[in-house]
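Trainee: Just so you know, the sequence shown maps onto residues 23 to 561 in my numbering.
Provided herewith is a single structure, encoded as structure tokens, for subsequent inquiry.
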Amino acid sequence: MEYDVVIVGGGPSGLSAAIRLKQLAAEQGRDISVCLLEKGSEIGAHILSGAVIETGALAELLPNWKELDAPLNTPALSDRFLYLTETESIQLPTPPQMHNQGNYIVSLGNFCRWLAQQAENLGVEIYPGFAAAEVLYHADGSVKGVATGNVGTGKNGDQEGEPGMELWAKQTIFAEGCRGSLTKGLLSRFRLTDGSDPQTFGIGIKELWEVKPENHQPGHITHTVGWPMDTATYGGSFLYHLEDNLVAVGFVVGLDYKNPYLSPFEEFQRFKTHPAIKKTFEGGRRVSYGARALAEGGLQSLPKLTFPGGVLVGDTAGFLNVPKIKGTHTAMKSAMLAAEAVFELLGDDAQAQGGEAKSYSAKFQQSWVRDELHKVRNIRPSFRWGLWPAMIYSAIDTFLFRGRAPWTLHHQHADNEALRPAYEFSPIAYPKPDGVLTFDRLSSVFISNANHSEDQPAHLKLKDASVPIAVNLAKYDAPEQRYCPAGVYEIVGQDEGAPRLQINAQNCVHCKTCDIKDPTQNINWVTPEGGGGPNYPNM
């Protein structure tokens, strides 16, 4: 199938790019074909974020979003920023980047479903349930498009599946989200990270609760730092009160942590037991669960955004504003800029086929996105000094220099390089879940609605099958058992003296943490059959 533009990923950036392309075509009376692929079973199935959204980019894209009934139903009304000790909470001044006046608390999945409707109304072809599994190239090395994965291949290769579909495009927009599986190959092939800092990531784990009416404060926002994290480990939480007695609660842990015994999932469960937090959930009911990595490197970790035949947009490039804890508005704007550059290129057929939309990079440099990320570029890397030195530095950078300090702090290493040997630490004794406020992984995965056909090759590939035991178990006490929030990785047979790694791929919620944190980078996350993975409602 041939198109002018193929877009990989149905999140805020991919959908914004699709809408902007069709708007530009309508303005100039041109007809361009745009196809969008989404690996989830539906648009929004794999979308997970807090989320509080700034509306600036949305207003640029769709100025009449209110008349179009965008699902922005809960204005942000109040902010609270707490430092937690094990038993106490201390209210701190809310950093200016975290003020949310004029923003909205939303389900980002529902927001994307609405964006998809707007895109389809403009003539965009959207195909959910189709995972882009391979990048296609022209003979000259430029990107030709993508191919979807095979369907029905036997688990052990004993059954030949139906081949996927090739989608050819003059330009391909990669909007895969954080740690895109195809984007990894593009970064390497086109050397897009030369000159950039290593990207650094966090894992965000989220639950959606229906709470008692007396515990519900629509529009109220709470963020915390401190307990249960130690001061050397980057992390924090959010509580967002939506409509209909719903509260989104989540915990983010920087994946540059050192202790192989740390479990982000267990830290999140423990966090909910704090006296200042648990009262919100007393008498409530957990509705949904999920997890997702997020790119935290900021401006200095952005790769080159263009290459022959395609561009990177949104969180697959890393446009998250970490101090704001927001990336939807920056992802959308990056996609709009990319769409404008791609559309300019499409005006010349000879240049468009495999050409490079270089004006995208120039448009970004002149945009408010670049200015916004530049002002906060030093905040996240300062946390390598520990919580309190980073808080002090961040206050100086924000209030004294106003984001214009004459220096730039840098990220010094990839997250997988930060993990230290197990003998340097003691195992962490996490409390057992009570099934009321705190839960285990398997019951959590159950309400993520994660599902993969068991009769398909595992989408979590080991480059060397000996490494999990010879290196990860021997040196780090198998940290994949703890950093995975879905119980995918288990060491079995240890009591019998014959340990082996068991991969429960059907549990995977597509968070990509294993692909990021595995100390030897031996785990490679590739796309499973389209439609597999979680099915998040209202997340």
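Cβ coordinates follow ideal geometry from the N, Cα and C atoms, glycine included.
Remember, it's a predicted structure, so these values are computed and weren't measured experimentally.
Alpha carbon to alpha carbon, how far is P559 from D603? Give it in angstroms, no decimals.
Mentor: Because the chain in this structure spans residues 23 to 561, residue 603 falls outside the shown range and cannot be described.
Trainee: Find out if the Cβ-Cβ distance for the pair I491, P521 is shorter than 8 Å.
Mentor: By 1-based counting over the sequence shown, the position of residue 491 is 469. By 1-based counting over the sequence shown, the position of residue 521 is 499. Taking 8 Å as the Cβ cut-off, I491 and P521 qualify as a contacting pair.
Trainee: Could you tell me whether the Cβ atoms of G312 and P556 are closer together than 8 Å?
Mentor: The count along the sequence shown starts at 1 and reaches residue 312 at position 290. The count along the sequence shown starts at 1 and reaches residue 556 at position 534. Yes; because the gap between Cβ atoms is below 8 Å, this pair is in contact.
Trainee: I'd like the span of the beta strand (DSSP E) that includes Q583, first residue to last.
Mentor: The structure shown does not extend to residue 583, since the chain spans only 23 to 561, so no value can be given for it.
Trainee: Taking C-beta to C-beta, are I5 and E60 nearer than 8 Å?
Mentor: Because residue 5 is not part of the residues shown, which for the chain are 23 to 561, the question remains open.
Trainee: Give me, in chain order, the residues of the same chain whose beta-carbon lies closer than 7 Å to that of Q478; leave out the 5 immediate sequence neighbours on both sides.
Mentor: The residue you call residue 478 lines up with position 456 of the sequence shown. Within the same chain, Q478 has close Cβ partners T175, K177, P550 and E551.
Trainee: Taking Cβ positions, are V333 and L43 nearer each other than 8 Å?
Mentor: The sequence position of residue 333 within the sequence shown is 311, counting from 1. The sequence position of residue 43 within the sequence shown is 21, counting from 1. Against a cut-off of 8 Å, the Cβ pair of L43 and V333 comes out as no contact.
Trainee: With 16 other CB atoms within 10 Å as the buried threshold, where does T352 fall?
Mentor: Here residue 352 is taken as the residue at index 330 of the sequence shown, counted from 1. So T352 counts as buried.
Trainee: Provide the residue(s) that pair with D101 in DSSP beta bridges, ordered along the chain.
Mentor: As a working mapping, residue 101 is identified with position 79 in the sequence shown. Note: D101 sits in a beta bridge opposite I243.
Trainee: Report the residue from Y256, G319 and G320 whose alpha carbon sits nearest the alpha carbon of E289.
Mentor: Along the sequence shown, read from residue 1 onward, the residue named residue 289 stands at position 267. Out of Y256, G319 and G320, Y256 has the C-alpha closest to the C-alpha of E289.
Trainee: Write down the C-beta distance between V335 and A360 rounded to the nearest angstrom, noting that I regard them as a contact closer than 8 Å.
Mentor: To locate residue 335, count along the sequence shown from 1; it is residue 313. To locate residue 360, count along the sequence shown from 1; it is residue 338. Right, their Cβ atoms sit about 5 Å apart.
Trainee: For the candidate residues H263, G207, P286 and K301, whose alpha-carbon lies nearest to that of P325?
Mentor: Here the question's residue 325 lines up with position 303 in the sequence shown. The shortest Cα separation from P325 among H263, G207, P286 and K301 belongs to G207.
Trainee: Tell me the start and end of each unbroken alpha helix (DSSP H) in the region 472 to 520 that is at least 4 residues and wholly inside, in chain order.
Mentor: Listed in chain order, they are 502 to 505.
Trainee: Is the Cβ-Cβ distance between C536 and I545 less than 8 Å?
Mentor: Along the sequence shown, one-based indexing puts residue 536 at 514. Along the sequence shown, one-based indexing puts residue 545 at 523. Closer than 8 Å, so yes.
Trainee: Would you check if the distance between the CB atom of G72 and the CB atom of N132 is smaller than 8 Å?
Mentor: Residue 72 sits at position 50 when you count from the first residue of the sequence shown. Residue 132 sits at position 110 when you count from the first residue of the sequence shown. Their beta carbons are not under 8 Å apart, which means G72 does not touch N132 by this criterion.
Trainee: Whether or not the region 213 to 229 and the region 430 to 437 are in contact is what I'm after, with contact meaning three or more pairs of Cβ atoms, one per stretch, closer than 8 Å; do they touch?
Mentor: Yes, the region 430 to 437 is in contact with the region 213 to 229.
Trainee: Any chance the region 261 to 276 sits against the region 241 to 249, with 3 or more Cβ pairs inside 8 Å?
Mentor: They touch, by the three-pair rule.
Trainee: When you compare each of T460, T338 and Y452 to A197 by their alpha carbons, which one comes out closest?
Mentor: As a working note, residue 197 is residue 175 in the sequence shown. Considering only alpha carbons, the answer is T338.
Trainee: Does N143 pass the burial test, meaning 16 or more other C-beta atoms within 10 Å, or should it be called exposed?
Mentor: Locating residue 143 in the sequence shown gives position 121, where the first residue counts as 1. Label assigned to N143: exposed.
Trainee: Our contact map puts V510 next to L484 with C-beta atoms below 8 Å; I'd like the distance itself, whole angstroms only.
Mentor: Along the sequence shown, one-based indexing puts residue 510 at 488. Along the sequence shown, one-based indexing puts residue 484 at 462. Incorrect: roughly 12 Å between the Cβ atoms, too far for contact.
Trainee: What do you get for Q123, buried or exposed, if any count of 16 or more other CB atoms within 10 angstroms of its CB means buried?
Mentor: On the sequence shown, position 101 is the one that residue 123 refers to. So Q123 ends up on the exposed side.
Trainee: Rounded to whole angstroms, how far is the Cβ of P507 from the Cβ of R463, which I believe are closer than 8 Å?
Mentor: The count along the sequence shown starts at 1 and reaches residue 507 at position 485. The count along the sequence shown starts at 1 and reaches residue 463 at position 441. Right, their Cβ atoms sit about 7 Å apart.
Trainee: Alpha carbon to alpha carbon, how far is Q45 from E82? Give it in angstroms, no decimals.
Mentor: As a first step, residue 82 is located in the sequence shown; it is residue number 60 there, counting from the start. As a first step, residue 45 is located in the sequence shown; it is residue number 23 there, counting from the start. Whole-angstrom Cα-Cα distance: 12 Å.
Trainee: Tell me the DSSP secondary structure of I545 in three-state form.
Mentor: Here residue 545 is taken as the residue at index 523 of the sequence shown, counted from 1. Strand, per DSSP.
Trainee: First and last residue of the alpha helix (DSSP H) that includes R308?
Mentor: Taking the sequence shown and counting its residues from 1, the one referred to as residue 308 is at position 286. Looking at the DSSP string, R308 is not in any alpha helix (DSSP H); the run it does join, the beta strand (DSSP E), is R307 to A317.
Trainee: Three or more C-beta pairs under 8 Å: does that hold for the region 416 to 430 against the region 446 to 462?
Mentor: As far as the Cβ criterion goes, the region 416 to 430 does not touch the region 446 to 462, which means the pair count is below three.
Trainee: State yes or no: is the C-beta of P282 within less than 8 Å of the C-beta of L441?
Mentor: Residue numbering aside, residue 282 sits at position 260 when the sequence shown is read from its first letter. Residue numbering aside, residue 441 sits at position 419 when the sequence shown is read from its first letter. A contact, by the Cβ cut-off of 8 Å.
Trainee: Quick check: the Cα distance between V269 and M251, rounded to an integer number of angstroms?
Mentor: Within the sequence shown, residue 269 is the residue found at index 247, counting from 1. Within the sequence shown, residue 251 is the residue found at index 229, counting from 1. Going from the Cα of V269 to the Cα of M251 covers about 22 Å.
Trainee: Please list the terminal residues of the continuous alpha helix (DSSP H) segment that includes Y382.
Mentor: Here the question's residue 382 lines up with position 360 in the sequence shown. Per DSSP, Y382 belongs to the alpha helix (DSSP H) from S381 to Q387.
Trainee: Identify the residues that DSSP records as bridge partners of A270: which are they?
Mentor: Residue 270 sits at position 248 when you count from the first residue of the sequence shown. According to DSSP, A270 bridges with L230 and Y262.
Trainee: Leaving aside the five residues before and after A79 along the sequence, list all residues of the same chain whose C-beta is less than 6 Å from its C-beta, in chain order.
Mentor: Mapped onto the sequence shown, residue 79 falls at position 57. If we look at A79 and ignore the five residues flanking it on each side, its Cβ neighbours are H351, M354 and K355.
Trainee: Tell me whether N125 is buried or exposed, calling it buried when 16 or more other Cβ atoms sit within 10 Å of its Cβ.
Mentor: The residue labelled residue 125 in the question sits at position 103 within the sequence shown. N125 should be labelled buried.
Trainee: Quick check on the DSSP output: what are the complete beta strand (DSSP E) runs of length 3 or more inside the region 76 to 124, in order along the chain?
Mentor: Correct list: 100 to 106 and 111 to 114.
Trainee: Could you check if V391 is buried or exposed, using at least 16 other CB atoms within 10 Å of its CB as the buried criterion?
Mentor: In the sequence shown, counting from the first residue as 1, residue 391 sits at position 369. Under this definition V391 is a buried residue.
Trainee: What is the DSSP secondary structure of P150, counted as helix, strand or coil?
Mentor: Looking up residue 150 in the sequence shown gives position 128. Correct three-state label for P150: strand.
Trainee: What residues in its chain sit with their C-beta under 7 Å from that of N400, if we drop five residues either side in the sequence?
Mentor: Counted from its first residue, the sequence shown places residue 400 at position 378. Taken in chain order, the residues that qualify are D419, A427, T430 and L431.
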